[in-house]
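Single-structure report; data block below.
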Amino acid sequence: MKNVLLTGCSRGVGLVITKVLVSKGYTVYGISRNLSNEYKNLMNSFPKKIKFKSFDLSNVNDINKEVFKNYIPNSTKLHAYINNAAIAYDDIITNLNVDRLENMFKVNVFSPLNIVKYAIRNMIFNRNSGHIIHLSSISVHTGYKGLAMYAASKGALEAFSKNTAREWGERGIKSNCIVAGFMETDMSSTLGDDMKNRIFKRTSLKKPTDLNSVANTIEFIISGNAKSITGQNIHVDSGTI
Amino acid sequence: MNNKDKLLTIINEVLEGTQREKMSKIKDEYNLRLDIGFDSFDLAELTVRIEEVFDIDIFEDGIVETIEQILIKINEK
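Chains G and X, in that order, give the protein sequences. Note that the numbering used here gives residue 45 to position 45 of the first sequence, counting from 1, and the numbers run on in steps of one. Each number in the numbering used here corresponds to the 1-based position in the second sequence with 241 added.
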């Protein structure tokens with residue numbers, strides 16, 4: 001039984017990742033602030049394969065106790081940590097608010113880094129060659145008006161992932177980023193149609209990024225079929241140019 | 242089993258994990274790197290295994306270099 005810790009499980013691409021992983025036999029340990037009806041329904045359909053813990057990732061210092069000791073102790077052998085939870089921050093730089101910036105960095109960067117610390121500790125304890133996957137964003141590689149702060153948080157993850165791969169490779173632990181293009185989820189719902197169309201015009205496929213292709217790429221990376229892939233940024237972005 | 246014997250068992254688990262010879266005893270003055278031959282990855286694994294048994298993170302507030310320093314942290318808890 002392969003156990004996966006997935007943050008941001010209850011909505012958007014997190015829900016689709018949960019469905020894909022369960023269909024492939026994984027057990028999903030989900031974390032979100034709130035339990036959505038969709039996730040609850042999935043739990044009812046697969047009661048032994050889908051678990052849930054309500055946790056607010058802005059509580060960086062509670063991660064060891066709440067996420068690991070009380071939810072995924074060392075006796076639960078962790079196969080992968082998928083860092084999917086994130087909050088958006090859409091504004092131009094001259095309006096930057098430090099409190100909002102700090103809160104976003106707690107959720108998007110500080111907590112994920114702290115979770116990686118304990119995920120690696122679990123993997124060392126179990127002598128398990130596990131996987132770490134960060135959901136990054138095309139905004140790191142292609143600038144967009146209003147996304148500088150958000151992109152900065154995702155760029156931090158890409159740098160951390162590259163160095164995680166280097167540091168822990170000799171213990172078999174792999175770290176990769178999925179660089180997702182713009183997806184039709186709640187996170188992008190605040191963008192107007194005009195803005196969305198401009199974004200999609202910058203892609204080769206002229207379409208939003210398909211959630212299933214993101215989820216299935218993640219499943220491929222953590223399956224035994226991609227053992228030599230680590231330290232990479234894998235773009236799943238409708239060919240953004 | 243006293244704490245020192247438990248610590249020896251944990252150290253041997255780390256050594257076994259990388260197919261190294263087990264130790265029959267440890268002395269208080271042994272340096273983890275120089276006398277036991279641990280590198281930073283071994284020390285990370287040692288930390289995790291000690292935490293699992295004693296519920297204490299020995300590296301949380303500074304560097305630990307000898308067996309005696311670990312035992313002091315465990316006994317202080």
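By construction, the Cβ of each residue, glycine as well, lies at the ideal position given by its N, Cα and C atoms.
Nearest neighbour of residue i, chosen from the options [CA to CA]
i, options, result
"lysine 263 of chain X", "X/Asn272, X/Gly278, X/Asp269", "X/Gly278"
"tyrosine 29 of chain G", "G/Lys2, G/Val13, G/Ser23, G/Glu38", "G/Lys2"
"phenylalanine 46 of chain G", "G/Thr94, G/Val22, G/Ala88", "G/Val22"
"valine 20 of chain G", "G/Asn34, G/Leu35, G/Ile31, G/Val4", "G/Val4"
"leucine 211 of chain G", "G/Glu184, G/Phe200, G/Phe160", "G/Glu184"
"leucine 57 of chain G", "G/Lys51, G/Leu35, G/Ile31, G/Ile72", "G/Ile31"
"lysine 201 of chain G", "G/Ile241, G/Ile229, G/Glu167", "G/Ile241"
"glycine 181 of chain G", "G/Gly25, G/Asn225, G/Tyr144", "G/Tyr144"
"lysine 51 of chain G", "G/Ser75, G/Asp194, G/Val107, G/Leu35", "G/Leu35"
"aspartate 237 of chain G", "G/Gly224, G/Ser228, G/Val98, G/Val214", "G/Val214"
"isoleucine 82 of chain G", "G/Thr94, G/Leu96, G/Asn108, G/Asp62", "G/Asn108"
"leucine 275 of chain X", "X/Lys314, X/Ile315, X/Glu306, X/Leu249", "X/Glu306"
"arginine 33 of chain G", "G/Ala156, G/Gly14, G/Phe220, G/Lys162", "G/Gly14"
"isoleucine 120 of chain G", "X/Val255, X/Val289, X/Asp280", "X/Val289"
"tyrosine 26 of chain G", "G/Cys177, G/Leu78, G/Asn41", "G/Leu78"
"isoleucine 229 of chain G", "G/Thr142, G/Ile133, G/Ser139", "G/Ile133"
"glutamate 170 of chain G", "X/Ser281, X/Asp298, X/Lys314, X/Gly303", "X/Ser281"
"lysine 162 of chain G", "G/Ile92, G/Met149, G/Asn176, G/Asn216", "G/Asn176"
"isoleucine 93 of chain G", "G/Lys154, G/Gly146, G/Asn37", "G/Gly146"
"alanine 151 of chain G", "G/Met104, G/Ile72, G/Gln232, G/Val116", "G/Met104"
"asparagine 74 of chain G", "X/Asp302, X/Leu284, X/Val294", "X/Val294"
"threonine 217 of chain G", "G/His235, G/Gly231, G/Ile115", "G/His235"
"alanine 80 of chain G", "G/Glu167, G/Thr7, G/Gly12", "G/Thr7"
"glycine 12 of chain G", "G/Val140, G/Ile178, G/Ala86, G/Asn61", "G/Ala86"
Coarse secondary structure for residue i, derived from DSSP in three states
i, result
"valine 179 of chain G", "strand"
"threonine 230 of chain G", "coil"
"threonine 217 of chain G", "helix"
"asparagine 272 of chain X", "strand"
"threonine 190 of chain G", "coil"
"threonine 209 of chain G", "coil"
Counterpart residues of residue i in DSSP-defined beta bridges
i, result
"threonine 240 of chain G", "G/Thr203"
"leucine 5 of chain G", "G/Tyr29, G/Tyr81"
"threonine 288 of chain X", "Answer by DSSP bridge pairing: none, since threonine 288 of chain X is not bridged."
"threonine 307 of chain X", "X/Asn272"
Whole-number beta carbon distance between residue j and residue i, since they are thought to touch under 8 Å
i, j, result
"glutamate 158 of chain G", "serine 189 of chain G", "The pair is not a contact, with the Cβ atoms about 25 Å apart (cut-off 8 Å)."
"serine 111 of chain G", "isoleucine 173 of chain G", "At roughly 19 Å, the Cβ-Cβ gap does not stay under 8 Å, so serine 111 of chain G and isoleucine 173 of chain G are not in contact."
"glutamate 317 of chain X", "aspartate 269 of chain X", "15 Å between Cβ atoms; not a contact."
"isoleucine 291 of chain X", "isoleucine 297 of chain X", "7 Å"
"leucine 249 of chain X", "leucine 312 of chain X", "Not quite, the Cβ-Cβ distance comes to about 11 Å (not below 8 Å), so this is no contact."
"tyrosine 39 of chain G", "lysine 53 of chain G", "12 Å between Cβ atoms; not a contact."
Exercise. Whole beta strand (DSSP E) runs in the stretch 29 to 104 of chain G with 3 or more residues, listed along the chain?
Worked result: 50 to 54, 78 to 83
Exercise. Which ranges does the beta strand (DSSP E) cover as unbroken runs of at least 3 residues, wholly within the stretch 116 to 186 of chain G, from first to last along the chain?
Worked result: 131 to 137, 174 to 180
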